[in-house]
Amino acid sequence: MTRETQRRTKKRADTTPADTSYYPHPFTDSSAHWSSRSCQIQTLYVSFRDLEWHDWIIAPNGYDAFYCSGECNFPLNAHMNATNHAIVQTLVHLMNPSQVPKPCCAPTKLSPISVLYFLDESNVILKKYKNMVVKSCGCH
Amino acid sequence: GLYVDNGVDRTEMARALTRNERREVEHEILSLLGLSSRPSRAPPGSAAPQFLLDVYKSLLDAPRGDLNLSGRDLNAINESDVIMSFASRSDAHQSGLRHERGRRLWFDVSEVPAGERIVSAELRLFRSEGSVPQRARLSVYQLVADESGDKDLVLVDSISVGPAGGWLVLNVTDPLTSWVAFPDSNLGLYLSVHLPDKPAHAILPEDIGIVTSKRLDTSRQPFMVAFFQSSGRHTTHSR
Numbered sequence: 005m006t007r008e009t010q011r012r013t014k015k016r017a018d019t020t021p022a023d024t025s026y027y028p029h030p031f032t033d034s035s036a037h038w039s040s041r042s043c044q045i046q047t048l049y050v051s052f053r054d055l056e057w058h059d060w061i062i063a064p065n066g067y068d069a070f071y072c073s074g075e076c077n078f079p080l081n082a083h084m085n086a087t088n089h090a091i092v093q094t095l096v097h098l099m100n101p102s103q104v105p106k107p108c109c110a111p112t113k114l115s116p117i118s119v120l121y122f123l124d125e126s127n128v129i130l131k132k133y134k135n136m137v138v139k140s141c142g143c144h
Numbered sequence: 029g030l031y032v033d034n035g036v037d038r039t040e041m042a043r044a045l046t047r048n049e050r051r052e053v054e055h056e057i058l059s060l061l062g063l064s065s066r067p068s069r070a071p072p073g074s075a076a077p078q079f080l081l082d083v084y085k086s087l088l089d090a091p092r093g094d095l096n097l098s099g100r101d102l103n104a105i106n107e108s109d110v111i112m113s114f115a116s117r118s119d120a121h122q123s124g125l126r127h128e129r130g131r132r133l134w135f136d137v138s139e140v141p142a143g144e145r146i147v148s149a150e151l152r153l154f155r156s157e158g159s160v161p162q163r164a165r166l167s168v169y170q171l172v173a174d175e176s177g178d179k180d181l182v183l184v185d186s187i188s189v190g191p192a193g194g195w196l197v198l199n200v201t202d203p204l205t206s207w208v209a210f211p212d213s214n215l216g217l218y219l220s221v222h223l224p225d226k227p228a229h230a231i232l233p234e235d236i237g238i239v240t241s242k243r244l245d246t247s248r249q250p251f252m253v254a255f256f257q258s259s260g261r262h263t264t265h266s267r
């Protein structure tokens, strides 16, 4: 989806320049904070009601689909919750950027979510999905 | 839609998904939930979905309404990874069995996920308030077939019913365990009601106000609820 979005954003910038004011291109627009933003938790609300799936998903109405996004730059701040390996990898990356990538921004703590939905017109299921909701992010 | 970070602290929609993309995302979510297709919904206000909705709210520490949960229920809820409710199917006819005027209940348990451990299962029956102000003995039996094909009844649980109305709960863990292990053995449950002064004479469940048909009131339809612990193995339908 990210690749697709970037491709479309670039395509739109080529054809309709006015659109770029809404969605700065991550590589060409110097005013964008895209590449410099540090690893942090982001929120994307998924509404089952908006998706018109509420006839079979009874609850919840939707959920905050947290995800981790951003760069792991040195020095790694305390709130980024970096592993020791990530710190070492960052240093090695600084010495040899072409060979060793930066650490990944990824979930460090996950929690379950319960979803209630119809299995068919007679039976209903309330299922707990473990490790589904991102609670915090860090550099790995 | 497809979303992009706006460079500061928010995510904004870049464009809406096409119909095909929506269908693809829907299939992804159905696959995650372990469903092969989008399920059809039950009639609104049915008892079984409402019960699980109350359980769901109790998990969120919201008011429990008339859930009437016992300590055993709360333990089962806390221990469970999956809770399923099964509405009784009055249209399920078995060869060689009479309908028995509401005394036989049958549940389709074929959707129980493989590899889930059954913590407990209970049958929930609604009794109308003030129907008959006397005590009765309500027993639930498992219908079984012997080697020669003859049908027999095995006592599963029995409770004393007072004059108060509300939901009656019977433990049906053993029948569910056998139905899941041997699906062909699922012939259903049989209800038996006796008055204390006439122990040899069985009466119909509806005679003491027990609702056995969804035609009367879907919000009081009999249902079975089962609590499962996940084995950790995830089974999803292949697409």
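Protein chains in written order, with this note's numbering: chain A, 5 to 144; chain B, 29 to 267. Using N, Cα and C, we set each Cβ at its ideal position, and we do this for glycine too. Since the model is a prediction, treat every value here as computed from it, not as a measurement.
* Helix, strand or coil for residue 134/B per DSSP? -> Residue 134/B: coil per DSSP, three-state reduction.
* Return helix, strand or coil for residue 249/B, following the three-state DSSP convention. => Judged by DSSP in its simplified three-state form, residue 249/B adopts coil rather than helix or strand.
* Asked: Got a sec, what are the start and stop residues for the alpha helix (DSSP H) residue 51/B sits in?
  -> Start and end: 47–61.
* Step through the CB atoms of chain B and report whether any lies within less than 8 Å of the CB of residue 70/A. => Not a single C-beta of chain B is nearer than 8 Å to the C-beta of residue 70/A.
* Between the CA atoms of residue 130/A and residue 92/B - distance to the nearest angstrom -> Note that residue 92/B scores a pLDDT of 49, beneath 50, so its modelled location is shaky; the value from the coordinates is reported in the next line. Rounded to the nearest angstrom, the two C-alpha atoms are 16 Å apart.
* residue 131/A (DSSP reduced to helix, strand or coil) -> Here residue 131/A carries a strand assignment [DSSP, helix/strand/coil].
* Asked: Residues in its own chain within less than 6 Å of residue 41/B by CB, not counting five upstream and five downstream?
  -> So the qualifying residues of the chain are 29 and 31.
* In the structure shown, what three-state DSSP assignment does residue 209/B receive? -> DSSP places residue 209/B in helix when its eight states are reduced to three.
* Asked: Taking the alpha carbon of residue 69/A as the point to measure from, which residue in 135/A, 92/A and 80/A has its own alpha carbon closest?
  -> For the residues 135/A, 92/A and 80/A, the minimum Cα distance to residue 69/A belongs to 135/A.
* Report all residues from its chain with a CB closer than 8 Å to the CB of residue 107/B; omit the five preceding and five following residues, and keep chain order. => Around residue 107/B: 147, 255 and 257.
* Pull up the distance between the alpha-carbon of residue 179/B and that of residue 75/B, whole angstroms please. => C-alpha separation (whole angstroms): 30 Å.
* Asked: Any idea what DSSP makes of residue 166/A, helix, strand or coil?
  -> Only positions 5 to 144 of chain A appear in this structure, which leaves residue 166/A out of reach.
* Asked: From the beta carbon of residue 140/A, is the nearest beta carbon of chain B less than 8 Å away?
  -> Residue 140/A does not count as touching chain B.
* **Beta-ladder partner(s) of residue 40/B, from DSSP** => As computed with DSSP, residue 40/B is found in a beta bridge with 32/B.
* Can you check whether the CB of residue 69/B is closer than 8 Å to the CB of residue 125/A? -> In this structure, residue 69/B lies closer than 8 Å to residue 125/A by Cβ.
* Could you tell me the distance, in whole angstroms, from the CA atom of residue 59/B to the CA atom of residue 38/B? => Residue 59/B and residue 38/B: Cα-Cα distance of roughly 29 Å.
* To do: Would you mind telling me which residues of chain A sit closer than 8 Å to residue 109/B, beta carbon to beta carbon, in chain order?
  => Those are 131, 132 and 134, listed as they occur along chain A.
* Asked: In this structure, does DSSP put residue 104/B in helix, strand or coil?
  -> Note: residue 104/B maps to helix in three-state DSSP.
* Asked: Does the beta carbon of residue 48/A sit closer than 8 Å to a beta carbon anywhere in chain B?
  -> Answer yes: the Cβ-Cβ gap between residue 48/A and chain B drops below 8 Å somewhere.
* To do: Alpha carbon to alpha carbon, how far is residue 133/A from residue 144/A? Give it in angstroms, no decimals.
  => Spanning the alpha carbons of residue 144/A and residue 133/A requires a straight line of approximately 24 Å.
* To do: Flag residue 133/B as yes if its beta-carbon sits less than 8 Å from any beta-carbon of chain A, otherwise no.
  => For residue 133/B, the answer is no, since every Cβ of chain A falls outside 8 Å of its Cβ.
* Asked: According to DSSP, is residue 75/A helix, strand or coil?
  -> Shown here, residue 75/A sits in a strand according to DSSP, grouped into three states.
* Within 10 angstroms of the Cβ of residue 132/B, are there 16 or more other Cβ atoms? Answer buried if so, exposed if not. => Under this definition residue 132/B is a buried residue.
* **Residue burial classification, residue 219/B (beta-carbon count within 10 angstroms, cutoff 16)** => Buried, since its Cβ has 16 or more Cβ neighbours within 10 Å.
* When you compare only the Cα positions, how much space is there between residue 165/B and residue 149/B? -> Residue 165/B and residue 149/B: Cα-Cα distance of roughly 21 Å.
* Can you find a CB in chain B that lies within less than 8 Å of the CB of residue 78/A? -> Interface residue (Cβ-Cβ distance to chain B less than 8 Å): residue 78/A is not classified as such.
* Start-to-end residues for the alpha helix (DSSP H) that takes in residue 103/A -> Here residue 103/A belongs to no alpha helix (DSSP H), and DSSP marks it neither H nor E.
* Integer-rounded CB distance, given that residue 152/B should sit under 8 Å from residue 236/B -> The beta-carbon distance between residue 236/B and residue 152/B, rounded to whole angstroms, is 16 Å. This is too long to meet the 8 Å contact definition.
* **Pair within 8 Å by beta-carbon distance, residue 240/B and residue 227/B** => Between residue 240/B and residue 227/B, the C-beta spacing is not below 8 Å.
* Below 7 Å CB to CB, which residues in the same chain sit around residue 138/B once its five sequence neighbours on both sides are set aside? => Cβ within range, chain order: 211.
* **Chain-order list of residues whose beta-carbon lies under 8 Å from that of residue 79/B (same chain, five-residue window excluded)** => The residues are 95, 113, 152, 251 and 253.
* Quick one: which unbroken beta strand (DSSP E) runs of 3-plus residues sit fully inside the region 168–203 of chain B? Chain order, please. => Whole beta strand (DSSP E) segments, 3+ residues: 179–189 and 194–199.
* **residue 104/B versus residue 169/B - alpha carbon distance** => Near 23 Å, if we compare the C-alpha coordinates of residue 169/B and residue 104/B.
* Coarse secondary structure for residue 87/B, derived from DSSP in three states -> Residue state for residue 87/B is assigned as helix, using DSSP reduced to three classes.
* So what's residue 56/A in DSSP terms, helix, strand or just coil? -> Coil at residue 56/A, not helix or strand.
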